[in-house]
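S.K.:
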Amino acid sequence: DQQVKQNSPSLSVQEGRISILNCDYTNSMFDYFLWYKKYPAEGPTFLISISSIKDKNEDGRFTVFLNKSAKHLSLHIVPSQPGDSAVYFCAASITGFQKLVFGTGTRLLVSP
Amino acid sequence: SQTIHQWPATLVQPVGSPLSLECTVEGTSNPNLYWYRQAAGRGLQLLFYSVGIGQISSEVPQNLSASRPQDRQFILSSKKLLLSDSGFYLCAWSAPGPVPPLHFGNGTRLTVT
Numbered sequence: 003d004q005q006v007k008q009n010s011p012s013l014s015v016q017e018g019r020i021s022i023l024n025c026d027y028t029n030s031m032f033d034y035f036l037w038y039k040k041y042p043a044e045g046p047t048f049l050i051s052i053s054s055i056k057d058k059n060e061d062g063r064f065t066v067f068l069n070k071s072a073k074h075l076s077l078h079i080v081p082s083q084p085g086d087s088a089v090y091f092c093a094a095s096i097t098g099f100q101k102l103v104f105g106t107g108t109r110l111l112v113s114p
Numbered sequence: 014s015q016t017i018h019q020w021p022a023t024l025v026q027p028v029g030s031p032l033s034l035e036c037t038v039e040g041t042s043n044p045n046l047y048w049y050r051q052a053a054g055r056g057l058q059l060l061f062y063s064v065g066i067g068q069i070s071s072e073v074p075q076n077l078s079a080s081r082p083q084d085r086q087f088i089l090s091s092k093k094l095l096l097s098d099s100g101f102y103l104c105a106w107s108a109p110g111p112v113p114p115l116h117f118g119n120g121t122r123l124t125v126t
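Protein chains in written order, with the numbering used here: chain L, 3 to 114; chain B, 14 to 126.
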């Protein structure tokens with residue numbers, strides 16, 4: 003069963019606009035969430051994370067929002083840039099368990 | 014700084030042949046080590062993880078195995094590859110701790126023919 007779901011396989015956005023990538027999870031034990039960015043033929047790179055004690059975390063153009071009651075998190079990229087075009091994975095974990103569960107990814111295309 | 018090396022970058026192997034993928038980490042001690050696989054059109058699936066030498070946890074029953082002969086070395090193996098083993102294999106490390114971020118290598122594209 004897919005405990006972490008990214009229901010949108012792709013998203014197209016114009017440069018300068020906001021990109022919103024969504025992620026849902028089913029396991030209420032998850033208490034730590036991360037976003038990764040992946041270019042073709044490369045490993046994913048860590049972008050931003052959030053603990054379940056928070057509902058928002060910002061890092062430059064990237065903001066992650068967490069809605070625990072809805073078991074939903076989102077990544078906002080503002081403003082979007084062509085270099086942001088990549089596949090974005092959300093991941094979830096339970097504190098103390100040394101592993102991450104990943105979603106299936108969303109391919110973001112930012113056009114000039 | 015810490016770096017992770019994974020090789021080879023690409024590999025084409027016939028069905029029934031053995032497999033050995035190697036991953037090494039530099040610049041850190043006692044890392045947690047992971048093998049993930051990304052199959053076509055799917056997310057990242059955790060295959061194995063290790064919190065210390067000789068300690069391997071398997072997440073998915075399959076014909077793959079993992080070993081950690083040294084602190085910063087992680088090896089993924091198979092005695093006989095199946096067509097379904099094709100995919101993009103990623104090694105990752107994290108510092109010991111509650112839930113630190115994973116840092117990935119550049120992956121190995123395995124095609125079983």
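Positions of the beta carbon are idealized from the N, C-alpha and C atoms, including for glycine.
These figures come from a predicted structure and were not determined experimentally.
Just mark L/ILE20 as buried or exposed, buried being the case when its beta carbon has 16 or more other beta carbons within 10 Å.
M.R.: Position 18 of the first sequence, counted from the first residue, corresponds to residue 20 of chain L. L/ILE20 should be labelled exposed.
S.K.: If we require 3 or more residues per run, which beta strand (DSSP E) segments fall completely within the segment 62–102 of chain B?
M.R.: List check, beta strand (DSSP E) in window: 68–71, 77–83 and 86–91.
S.K.: Cβ of L/PRO42 less than 7 Å from any chain B Cβ?
M.R.: Here residue 42 of chain L refers to the residue found at position 40 when the first sequence is read from its first residue. So no, L/PRO42 is outside the interface.
S.K.: Quick one: residues in its chain with C-beta nearer than 6 Å to the C-beta of B/TYR71, no 5 flanking neighbours on either side, listed in chain order?
M.R.: Position 58 of the second sequence, counted from the start, is the residue given in the question as residue 71 of chain B. Strictly speaking, residue 71 of chain B in this sequence is Ser, with Tyr absent from that position. Hits under 6 Å: PHE61.
S.K.: For B/GLU39, which beta-bridge partners are listed by DSSP?
M.R.: Residue numbering aside, residue 39 of chain B sits at position 26 when the second sequence is read from its first letter. B/GLU39 pairs with B/THR16.
S.K.: Enumerate in chain order the residues of its own chain whose CB-to-CB distance from B/SER33 is below 6 Å, with the five nearest sequence positions on each side excluded.
M.R.: What you label residue 33 of chain B is simply residue 20 of the second sequence in a count that begins at 1. Cβ within range, chain order: SER90.
S.K.: Look at the Cβ atom of B/VAL38, then the Cβ atom of B/VAL125, and state whether they are nearer than 7 Å.
M.R.: Along the second sequence, read from residue 1 onward, the residue named residue 38 of chain B stands at position 25. Along the second sequence, read from residue 1 onward, the residue named residue 125 of chain B stands at position 112. For B/VAL38 and B/VAL125, no; Cβs fall outside 7 Å.
S.K.: If we ignore side chains and look at the alpha-carbon of each, how far apart do L/ASN69 and B/SER78 end up?
M.R.: For the purposes of this step, residue 69 of chain L is identified with residue 67 of the first sequence, where counting begins at 1. For the purposes of this step, residue 78 of chain B is identified with residue 65 of the second sequence, where counting begins at 1. Going from the Cα of L/ASN69 to the Cα of B/SER78 covers about 38 Å.
S.K.: Please report how far the alpha carbon of L/GLY105 lies from the alpha carbon of B/GLY56, in whole angstroms.
M.R.: If you number the first sequence from 1, residue 105 of chain L lands on position 103. If you number the second sequence from 1, residue 56 of chain B lands on position 43. In a straight line, the C-alpha of L/GLY105 is about 6 Å away from that of B/GLY56.
S.K.: Below 7 Å between beta carbons: does that hold for B/TYR102 and B/LEU123?
M.R.: As a working note, residue 102 of chain B is residue 89 in the second sequence. As a working note, residue 123 of chain B is residue 110 in the second sequence. Taking 7 Å as the Cβ cut-off, B/TYR102 and B/LEU123 qualify as a contacting pair.
S.K.: If the criterion is Cβ atoms closer than 7 Å, does the pair L/THR108 and L/LEU13 meet it?
M.R.: One-based indexing of the first sequence puts residue 108 of chain L at position 106. One-based indexing of the first sequence puts residue 13 of chain L at position 11. Yes. Within cutoff.
S.K.: Quick check on L/ASP86: does DSSP put it in helix, strand or coil?
M.R.: One-based indexing of the first sequence puts residue 86 of chain L at position 84. L/ASP86 falls in the helix class under three-state DSSP.
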